[in-house]
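Just remember that the numbering used here sits 1 ahead of the position in the sequence shown, which is counted from 1. Heads up, the beta-carbon is just placed ideally off N, CA and C, and yes, glycines get one too. Note that the structure is predicted; figures quoted are calculated from it, not measured. Below is one structure, written out as structure tokens, with a few remarks after it.
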Amino acid sequence: QLQASGGGLVLAGGSLRLSCAASGMIFYINNMGWYRQAPGKQRELVASITNGFSTSYGDSVKGRFAISRDNAEKMVYLQMNSLKPEDTGVYYCHVLDGIDSTYWGQGTQVTVSS
2 QLQASGGGLV LAGGSLRLSC AASGMIFYIN NMGWYRQAPG KQRELVASIT
52 NGFSTSYGDS VKGRFAISRD NAEKMVYLQM NSLKPEDTGV YYCHVLDGID
102 STYWGQGTQV TVSS
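Next comes the structure, spelled out in structure tokens:
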């Protein structure tokens, strides 16, 4: 239902842009967001955006990451700048639809090398 892309290996200080496409089977989308999970740690919220384009960010990424969405295309993006080694992890896109059903993407690996 969700297809994420854009992960990879980048040097500290670099940038990456993640994309996530929601399938047509998800008819009405409320919140969209990105979570990440580092090895040995719990999954944490990175950023989220409502269908009214209100955004929220985890404290560790504020000022460096920017979330956006395209409602017509059912896409959500995460622009990640000034990447740090601690940003390394598997990034998952997340969607909450109009009846509060939750969808998760398959995850895309982001590795930031120092």
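Could you tell me the distance, in whole angstroms, from the CA atom of residue i to the CA atom of residue j?
i   : j    : result
V96 : W105 : 7 Å
C94 : G108 : 7 Å
I48 : E74  : A small fix is needed here, since residue 48 is Ala in this sequence, not Ile. Cα to Cα, the separation comes out at about 19 Å.
G15 : S83  : 5 Å
A22 : L12  : 26 Å
Y78 : I100 : 23 Å
V62 : G34  : 14 Å
What residues in its chain sit with their C-beta under 6 Å from that of residue i, if we drop five residues either side in the sequence?
i   : result
G8  : T109, Q110 and V111
T56 : I50 and I68
L46 : Y36 and G59
Q38 : R44, G90 and V91
Q65 : According to the sequence as given, residue 65 is Arg; it is not Gln. Same-chain partners within the cutoff: N82 and S83.
Leaving out five residues on either side along the sequence, give the residues of the same chain with a beta carbon under 8 Å from the beta carbon of residue i.
i   : result
D98 : I27, F28, Y29, I30, N31 and Y104
How should residue i be labelled, buried or exposed, when 16 other C-beta atoms within 10 angstroms of its C-beta is the threshold for buried?
i   : result
D53 : Note that residue 53 corresponds to Gly in the displayed sequence, not to Asp. The residue in question, G53, is exposed, as its Cβ has fewer than 16 Cβ neighbours within 10 Å.
D88 : buried
L10 : exposed
Could you tell me the boundaries of the beta strand (DSSP E) in which residue i lies?
i   : result
G9  : G9 to L12
T56 : T56 to Y58
A39 : Segment: none, A39 is in no beta strand (DSSP E) and carries neither H nor E.
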